[in-house]
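Worksheet: the structure to be examined is printed underneath.
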Amino acid sequence: MFHPLIIHFIVACFAGILVFVASLTTNLLVTSFIRFCLAFVAGWILTYGFRFLWQLASRDLMEEEAGNHAEPEEQQPQQSREKQEAKEELEPEQTSQIIKDLLRSE
Numbered sequence: 001m002f003h004p005l006i007i008h009f010i011v012a013c014f015a016g017i018l019v020f021v022a023s024l025t026t027n028l029l030v031t032s033f034i035r036f037c038l039a040f041v042a043g044w045i046l047t048y049g050f051r052f053l054w055q056l057a058s059r060d061l062m063e064e065e066a067g068n069h070a071e072p073e074e075q076q077p078q079q080s081r082e083k084q085e086a087k088e089e090l091e092p093e094q095t096s097q098i099i100k101d102l103l104r105s106e
């Protein structure tokens with residue numbers, strides 16, 4: 001993806017050139033250039049504002065999605081206990097016994 005400053009620059013240049021060409025037909029070159037500069041700054045600021053709002057909306061959506069997948073607090077301690085048990089290393093005999101028990105139960 002493009003860097004945000006490049007996007008700002010492209011949009012601002014497009015706005016400035018559009019205003020410059022439209023203004024050049026009826027105004028002097030200096031007046032058209034001043035309007036180009038104003039349009040460039042306005043395009044840059046508007047692009048920054050839209051990008052800021054887009055990021056704000058995207059962040060809110062990400063937080064909502066993360067909140068929907070959160071599990072109740074009652075299940076979290078149980079999961080931490082399971083994680084601790086998984087971290088403990090089993091002896092080869094214990095591992096083979098667990099596998100045998102699982103195979104017999106089916």
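Using the numbering used here, you'd call the opening residue of the sequence shown number 1 and step up by one each time.
By construction, the Cβ of each residue, glycine as well, lies at the ideal position given by its N, Cα and C atoms.
Check your understanding: Considering only the beta carbon of each residue, do F36 and V19 sit closer than 7 Å?
Key -> Yes. Within cutoff.
Point to revise | Nearest to T47 (by Cα), restricted to the options E88, L103, L28, F14 | key: Nearest of E88, L103, L28, F14 to T47, Cα basis: F14.
Review point. How is H8 classed by DSSP in three states: helix, strand or coil?
Key: helix
Practice item. Mark A22 as exposed unless 16 or more other C-beta atoms lie within 10 angstroms of its C-beta, in which case mark it buried. Key: exposed
Check your understanding: What whole-angstrom Cβ distance do H3 and W44 have, given they're in contact under 8 Å?
Key -> At roughly 14 Å, the Cβ-Cβ gap does not stay under 8 Å, so H3 and W44 are not in contact.
Point to revise | Assigned exposure category for F40 - 16 Cβ within 10 Å defines buried | key: buried
Check your understanding: What residues in its chain sit with their C-beta under 6 Å from that of G16, if we drop five residues either side in the sequence?
Key -> F36, A39, F40
Check your understanding: Does DSSP put T26 in a helix, in a strand, or in coil?
Key -> coil
Review point. What residue range is occupied by the uninterrupted alpha helix (DSSP H) comprising L116?
Key: Summary: the structure shown does not reach residue 116, with the chain confined to residues 1 through 106, and so no result is reported for it.
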